[in-house]
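Everything in the sequence shown is counted per the numbering used here, starting at 65 for the first residue and increasing by one. Worksheet: the structure to be examined is printed underneath.
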Amino acid sequence: MSSDEYEVHVLPAFVPIFWVFAAVGIVLFYFSLGYAKKYSTTAAFLLTPFICFSIVFDNAVMATTGIDRRHASTQAMLAFHACVTPMLLLVCYELAYLVHKHKSVNFCGISFESGHRERGSSCDNAGAASDLAKRRWWVSTCLRFFVWLVGCALLVLNLLVAYRWTSDLTPEIASMYALHGDSTAHAVCAILPALVLVALALYIGLRLWNYGTNYSYMVHATCFNPWIWMLVGAVALLIGYLMPSPIYALSSNAGELIMMATIVRMFREVHHDMQQGLQFGDRRCQPPSPTDSATAMKRETRNPARVPPTFRSS
């Protein structure tokens, strides 16, 4: 075989752009690592630094050797890049699930309800509320498990596309950048993970935009609010995947980088929304301070007609 059969050359004009992508990926890795430390038990925040690292490694290899299948760095790059699509899918879903559950907003057919809405005064009402909560928990758990199964299936599919094993167990690289498969099934398997990611990202982006417009703790004056960022990233990802082959390697990496940047930007909104929710819950649980009680008594003395004495709470 000639050396060209092992290589996918990168145009010299694209090399500086790949280095810029790698630098931006390092910045995103820094910010995502900070959020991962704050939310060390949440999958959406924990997976993001690894995705950023994979993007940095991918662009660094593209800027140095291109896709040269004779280099070990290229084989490692394809393995890391195979993780990007399924992990982006999981991060999008887990982030939206976390936000909607925290505010008890319905999501993907899951009805989240706060406990105080389901409590009843009688034993029958309490039992019915408990059964309803169990059913919702099972639906939520099964749906999350299904999404994780889809992510694992896409990871396996990406690895099979990237590494096609021959009879002598020698790995032959056949990445999405250069499809060497001789069947339609191979091409479909190479494109399917990207299509699944784009479809879910568009849906999640619309759901988060709707949440930020109608349900978030901070009310925005217009629909053009920061919660639209994931939808913007999903559109950029779609455009990047639709570009023709001469610039597909560059456009797909650009789409994934923009998608990752919008997710990290969404972390800020999610963090603020969760903090405001916790503060709101703390204010509801705390008893009124003596200062607040004295102020309320003064107001009642000045305006006794506003609050009838028979309905005042102690």
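Even glycine gets a Cβ: it sits at the ideal position worked out from N, Cα and C.
Suppose you measure from the CA of residue i to the CA of residue j; what does that come to, to the nearest Å?
| i | j | result |
| --- | --- | --- |
| F109 | W83 | 25 Å |
| P80 | W212 | 36 Å |
| L295 | C116 | 19 Å |
| M307 | A136 | 28 Å |
| M141 | V125 | 7 Å |
| R200 | S175 | 7 Å |
| S204 | D195 | 14 Å |
| D132 | V91 | 27 Å |
| E333 | R134 | 44 Å |
| A318 | K198 | 43 Å |
| L266 | L259 | 11 Å |
| H145 | V262 | 16 Å |
| M282 | I268 | 20 Å |
| K101 | H336 | 16 Å |
| N278 | A143 | 40 Å |
| T106 | E320 | 22 Å |
| Q343 | I255 | 45 Å |
| A285 | L302 | 29 Å |
Considering only the alpha carbon of each residue, which of the options lies closest to residue i?
| i | options | result |
| --- | --- | --- |
| A300 | I322, V120, F95, D132 | I322 |
| W273 | L223, V260, W293, V262 | W293 |
| A325 | P290, V220, T128, W201 | P290 |
| A77 | M338, L342, P310, F93 | P310 |
| C253 | Y279, L270, L266, A226 | A226 |
| L270 | P113, H164, L75, F114 | H164 |
| A23 | L219, Y99, A313, T286 | The shown model of the chain, from 65 to 378, leaves out residue 23, and the question about it has no answer. |
| L218 | N278, M282, L152 | L152 |
| S280 | E320, Q339, L302, I255 | Q339 |
How would you label residue i, buried or exposed, when you count the other beta carbons within 10 angstroms and need 16 or more for buried?
| i | result |
| --- | --- |
| C147 | buried |
| F288 | exposed |
| G130 | buried |
| L264 | buried |
| T112 | buried |
| V74 | buried |
| A86 | buried |
| L223 | exposed |
| S231 | A caution first: S231 carries a pLDDT of 34, below 50, which makes its placement in the model too unreliable to give a value. |
Within this structure, are the beta carbons of residue i and residue j separated by less than 7 Å?
| i | j | result |
| --- | --- | --- |
| T61 | P257 | Residue numbering for the chain in the displayed model covers 65 to 378; residue 61 lies beyond these limits and cannot be assessed. |
| S96 | V328 | yes |
| L154 | G215 | yes |
| H166 | G276 | no |
| F331 | Y94 | no |
| S316 | G304 | yes |
Are at least three pairs of beta-carbons, each pair with one atom in the region 211 to 227 and one in the region 148 to 161, less than 8 Å apart?
-> yes
Check whether the region 115 to 125 touches the region 165 to 176, counting contact only when three or more Cβ pairs, one atom from each stretch, lie closer than 8 Å.
-> no
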